[in-house]
Amino acid sequence: MPADSQQGHHPVANPVASFWATEPFALQDHQSSTDLPPRCDTLIVGAGLAGVGTAYHIVQGGSDPALIVMLEARQVASGATGRNGGHVKPDTYFNVPKFSKLHGPKVAAELAGFEASHVLAVKQLVEAEGLDCDFHLTRAVDVYLDPAHAKETEAAYRELVKEGIVNLRDVAFILKQDAERVSGVKGAQCCFSFTAAHLWPAKLVHGLLEKLVNRGLQLYTTTPVTSVSPSRDPDGMWAVQTSRGAIRAKKVIYATNGYTGSVLPEYTNKIVPVRGIACHIDSPKGSNTPHLVNTYGIRFDSRNNDYLIPRADGSIIVGGARQRFWHNRDRWFGNNRDDELVDEAVSYFDGYMQQHFRGWEDSGAKVKEIWTGIMGYSSDFVPHIGEVPDKPGQFIIAGFSGHGMPEILLSSKGLASMVRDGTAFEQTGLPRIFKTTKARVEAQGSPLEDSFRELWEKPPSPKL
Ligand SMILES: Cc1cc2nc3c(=O)[nH]c(=O)nc-3n(C[C@H](O)[C@H](O)[C@H](O)COP(=O)(O)OP(=O)(O)OC[C@H]3O[C@@H](n4cnc5c(N)ncnc54)[C@H](O)[C@@H]3O)c2cc1C
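So for the sequence shown, our numbering puts the first residue at 951; every next one is plus one.
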């Protein structure tokens, strides 16, 4: 379902089921009342981690939950949040050289520090609110399989150590001679490890939202927002049109991820829907496979990588497979179809554990569930947070580029303080490059698309 150049994509009906939705949730189809209220103070569009996190922090700051209305086009957490890998994996070193080149080392260090701080922030939230969401604190092990890429990354890492600008105290580097034994991944050329976490994201969001709804937040699922008035009415309210009528709101928050362009057309080419795939692998009962205690990034080369989360029950979540289809632009980029599996990738995870992990050869591990999800890729690689340019009282928190788990929670805290107290973006402590600005919204071209152009124009040989 391609977008035209003016208007982005809406969520499609009937997305394929993900493993995380195999248990029903009390709020998934919730309607707080038969009809929408005619007006509200704060309207949040989107019930994923960004929308729910923002509502939570607005209320934490002392606001009455009853002043908030949340509208969700499908079910709660039916977007990327309910279809992701559950991997809270901060980018502590890998993309630091890239962001350093784009914005300077200080900004890159700020971003890496912000992401790293998420792991314990999520843990703290889970504990403070008593959320039952399978949270586990762990080490993420990034494993490099391509010798040239391993060498390149090691050299870049040693450079970072020498410069001393980024805090690398939590990052451990493991040389080739030990990498396969330490990681358990066959053919490892080197690896890095650092603190990370994993959890059941839909349970986190539902758990938080239930508390807010119980305190008066008004939630309406299957209520897509179709448009918002171009200006405020004389009372200073925005008129929001939905599938079940209109509602006026003093403040509107777009937590709409890859679908943002459908309601904020100026972001259509700035946040693009991109398809991701993940699966759940399990072994037959009684199989004696080694239990993995770390999470993984499996880096095949400088472009292609998967991520893997071992669950406490012994089953495995793996996300990735994009090398099967991402060179075919329309199958991947600007595509909102999470109501179908990506056929080219369906067989990708067959025998995955047997192929890559020591000791899993006879495990009988098999894919149990596989699903598609829609990420919101930002054209300049970082999310848009803050007040929408030229639309006072409208705010955005979107575009986490398939990497929201180590960015959203504290971003939503910063945004909540802007919405509730009028705090300036610069006072929120958020990475400065996250601020949505007129310059970013009006920028010509897309560094993101530029980075894929060669892949799209010269697709790799079918061996991948
Ligand atoms: C397969 C897959 C695997 C991933 N794995 C990881 C991972 O392991 N770690 C990680 O950090 N990140 C991962 N991500 C990315 C991560 O899931 C996202 O960054 C994060 O969930 C984004 O949260 P969000 O609330 O911004 O968006 P979403 O969860 O997509 O929520 C947006 C919501 O807005 C609703 N909406 C949109 N438009 C409208 C409208 N007009 N009216 C009403 N409602 C609307 C949507 O229905 C949706 O529910 C993965 C993503 C996918 C798809």
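Every residue, glycine too, gets a C-beta built ideally from N, C-alpha and C.
Met1355: CB within 6 Å of a non-hydrogen atom of ligand 1
yes
Please classify Ala1315: is it buried, with 16 or more other beta-carbons within 10 angstroms of its beta-carbon, or exposed?
buried
Can you list, in chain order, the residues of its chain whose CB lies under 8 Å from that of Leu1405, leaving out five sequence neighbours each side?
Arg1253, Trp1276, His1277
Secondary structure, alpha helix (DSSP H): runs of 4+ residues fully inside the segment 1262-1311
Qualifying alpha helix (DSSP H) stretches, in chain order: 1279-1282, 1302-1306.
Out of Lys1363, Val1009, His1334, Asp1371, which one is the CA nearest neighbour of Thr1386?
His1334
Is the beta carbon of Glu1022 within less than 6 Å of some heavy atom of ligand 1?
yes
Threshold first: 4 residues or longer. Then list the alpha helix (DSSP H) segments lying entirely within the segment 1368-1404, N to C.
1388-1392
Give me, in chain order, the residues of the same chain whose beta-carbon lies closer than 6 Å to that of Ala1129; leave out the 5 immediate sequence neighbours on both sides.
Ala1138, Cys1140, Cys1141
Do Asp1120 and Thr1144 count as a contact pair if the criterion is CB distance below 7 Å?
The sequence given here has Phe at residue 1144, not Thr. Going by C-beta atoms, Phe1144 is nearer than 7 Å to Asp1120.
Can you say whether Val1111 is buried or exposed, counting buried as having 16 or more other CB atoms within 10 angstroms of its CB?
With a threshold of 16 other beta carbon atoms within 10 Å, Val1111 falls short and is exposed.
Quick one: is the Cβ of Gly1247 within less than 6 Å of any heavy atom of ligand 1?
no
Cβ-based neighbour list, Arg1033, same chain, cut-off 6 Å, excluding 5 preceding and 5 following:
Setting aside the 5 residues that flank it on each side, Arg1033 is surrounded in the same chain by Ser968, Trp1321, Gly1323, each with a C-beta closer than 6 Å to its C-beta; the list follows chain order.
Please state whether the Cβ-Cβ distance between Thr1171 and Glu1022 is less than 7 Å.
yes
Under a three-way DSSP split, which group does Gly1352 fall into?
Residue state, collapsed to three classes: coil.
Stretch-stretch touch, CB-based, cutoff 8 Å, three pairs: the segment 1353-1365 with the segment 1213-1228:
Contact between the segment 1353-1365 and the segment 1213-1228 is absent, because fewer than three Cβ pairs lie under 8 Å.
At a cut of 8 Å, does the segment 988-1001 reach the segment 1169-1188 through at least three beta carbon pairs?
yes
If I'm right that Met1020 touches Gly1003 with Cβ under 8 Å, what's the distance once you round it to whole angstroms?
Not a contact, Cβ separation roughly 12 Å.
Measure the beta-carbon distance from Ile909 to Pro987 and round it to whole angstroms, keeping in mind my assumption that it falls under 8 Å.
This structure gives no information on residue 909, because the portion of the chain shown stretches from 951 to 1414.
Do Pro1381 and Leu1061 count as a contact pair if the criterion is CB distance below 7 Å?
yes
Is Leu1159 closer than 7 Å to Leu977 when the C-beta atoms are compared?
yes
Please report the straight-line C-alpha distance between Ala953 and His959, rounded to a whole angstrom.
Here Ala953 scores only 43 on pLDDT, less than 50, and its place in the model is too uncertain to base an answer on.
Report all residues from its chain with a CB closer than 8 Å to the CB of Lys1126; omit the five preceding and five following residues, and keep chain order.
Ala1100, Ala1138, Gln1139, Cys1140
Beta carbon of Val1069, beta carbon of Ala1147: below 7 Å?
yes
Inter-residue Cα distance where the pair is Lys1408 and Ser1401:
Lys1408 and Ser1401: Cα-Cα distance of roughly 13 Å.
Alpha carbon to alpha carbon, how far is Ala963 from Arg1194? Give it in angstroms, no decimals.
16 Å
Closest by CA to Gly1349, which one among Lys1341, His1306, Ala1366, Leu1398?
Leu1398
Apply the 10 Å Cβ neighbour rule to Leu1414 and answer buried if 16 or more other Cβ atoms are within range, or exposed otherwise.
Unreliable placement is indicated for Leu1414, whose pLDDT of 45 sits below 50; no coordinate value is reported for it.
Enumerate in chain order the residues of its own chain whose CB-to-CB distance from Ser1133 is below 7 Å, with the five nearest sequence positions on each side excluded.
Result list for Ser1133: Val1091, Val1093, Cys1141, in chain order.
In chain order, what residues of the same chain have a beta carbon less than 6 Å from the beta carbon of Asp991, not counting five sequence neighbours either side?
Leu1017, Lys1200
Ordered along the chain, which non-local residues of its own chain (more than five positions away) have a Cβ less than 7 Å from that of Lys1073?
Phe1085, Leu1087, Ala1147
Beta-carbon within less than 8 Å of Val1038's beta-carbon, same chain only, minus the 5 sequence neighbours each way: which residues are those?
His1068, Val1069, Val1072, Ala1146, Ala1147, His1148, Leu1149, Met1355, Pro1356
Kindly list the residues whose CB is nearer than 6 Å to the CB of Gly1035, restricted to its own chain and excluding five residues on each side of it in sequence; keep chain order.
Ala1228, Tyr1257, Ile1259, Ile1267, Gly1269
Which class does Ile1248 belong to by DSSP, given the choice of helix, strand or coil?
Strand.
Are Gln1191 and Ser982 touching if we call contact CB-CB under 7 Å?
no
Answer yes or no: the CB of Tyr1209 versus the heavy atoms of ligand 1, is any distance below 6 Å?
yes
Do you know offhand how far His1053's Cα is from Pro1047's?
The alpha-carbon atoms of His1053 and Pro1047 are separated by roughly 10 Å.
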